[in-house]
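Undergrad: I'd like to ask you about the structure that follows.
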């Protein structure tokens, strides 16, 4: 079957059939170490291709997760523990449930069915593994201690969390709530709140808001334009 691709990859044709202009040949597969039922590619076929290895990136994943309304608890937890976005198990016996972009989406789908995170714990274990599930549920319990996102966005509180995990959680909750109701007043309160945080958290909040399709609304905000003028240096390489 792979030999049949030789002509298609190199000559852009199969027999009399020519690949139309503007079309590109792209192939994807697993590496042998991914244990994903992979087969060795013949040298002749491999030599007809340009090869890239794709890695997981939390920032890339959030470009999909935020506009698709992935549960803010999952996003804030991964902001806090980005190394758990993807962690392939070392032991063959552990290759059942492990954290990956796919399995965190499973967690997002699991949560509404259980109401309380503690009740969902066995199912979360079944998606991402016991270790990450334990950390995630402990993180979710901590969320009960952060200020309510709607109260911040409605200007009823300005209480700033004092620990990094709470700040990550608060930012994700704010972006999620703002995406659902993005009035000018709420945007101004969002910006007033994050302006009280350290600059690295401000950059995180703004980048996540942009990924959540709030770019246009932010650009219209005078406070944001002033912030951009003052902080151009910290946004080099940002979204």
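Numbering (my numbering), first residue to last: 7 to 245.
Beta carbons are placed, not taken as given, at the ideal position from N, Cα and C, and that holds for glycine.
Please read all numbers here as calculations on a predicted model, not as lab measurements.
Which value, in whole angstroms, describes the spacing of the CA atoms of residue 230 and residue 205?
TA: Taking the first residue of the chain shown as 1, we reach residue 230 at position 224. Taking the first residue of the chain shown as 1, we reach residue 205 at position 199. Each residue's alpha carbon lies about 13 angstroms from the other.
Undergrad: Could you check the C-alpha separation between residue 127 and residue 121 for me, to the nearest Å?
TA: Counting from 1 along the chain shown, the entry for residue 127 is found at position 121. Counting from 1 along the chain shown, the entry for residue 121 is found at position 115. Distance between the alpha carbons of residue 127 and residue 121 is about 11 angstroms.
Undergrad: Should residue 32 go down as buried or exposed, given a rule of 16 or more other Cβ atoms within 10 Å for buried?
TA: Start at 1 with the first residue of the chain shown, and residue 32 comes out as number 26. Residue 32 is exposed by the Cβ-count criterion.
Undergrad: So for residue 37, helix, strand or coil by DSSP?
TA: Here residue 37 refers to the residue found at position 31 of the chain shown. Residue state, collapsed to three classes: coil.
Undergrad: Closest to residue 1 by C-alpha separation, out of 75, 17, 194, 84, would be which residue?
TA: Past the boundaries of the shown model lies residue 1; the chain is included only from 7 to 245, so the question cannot be answered.
Undergrad: If you reduce the DSSP assignment to three classes, tell me which class residue 162 lands in.
TA: Position 156 of the chain shown, counted from the start, is the residue given in the question as residue 162. DSSP places residue 162 in coil when its eight states are reduced to three.
Undergrad: By the 10 Å Cβ neighbour count, where 16 or more other Cβ atoms means buried, how is residue 52 classified, buried or exposed?
TA: In the chain shown, counting from the first residue as 1, residue 52 sits at position 46. Exposed.
Undergrad: What is the DSSP secondary structure of residue 23, counted as helix, strand or coil?
TA: The count along the chain shown starts at 1 and reaches residue 23 at position 17. DSSP places residue 23 in strand when its eight states are reduced to three.
Undergrad: My assumption, with CB atoms under 8 angstroms, is that residue 178 sits in contact with residue 133. Please give the rounded CB distance.
TA: As a working note, residue 178 is residue 172 in the chain shown. As a working note, residue 133 is residue 127 in the chain shown. Between residue 133 and residue 178 the Cβ distance is about 19 angstroms, and since that is not below 8 angstroms, they are no contact.
Undergrad: In whole angstroms, give me the CA-to-CA distance for residue 250 and residue 22.
TA: There is no way to answer for residue 250, as the model of the chain reaches only from 7 to 245.
Undergrad: Between which two residues does the alpha helix (DSSP H) carrying residue 56 extend?
TA: Indexing the chain shown from 1 puts residue 56 at position 50. Where residue 56 is concerned, there is no enclosing alpha helix (DSSP H), given that its DSSP letter is neither H nor E.
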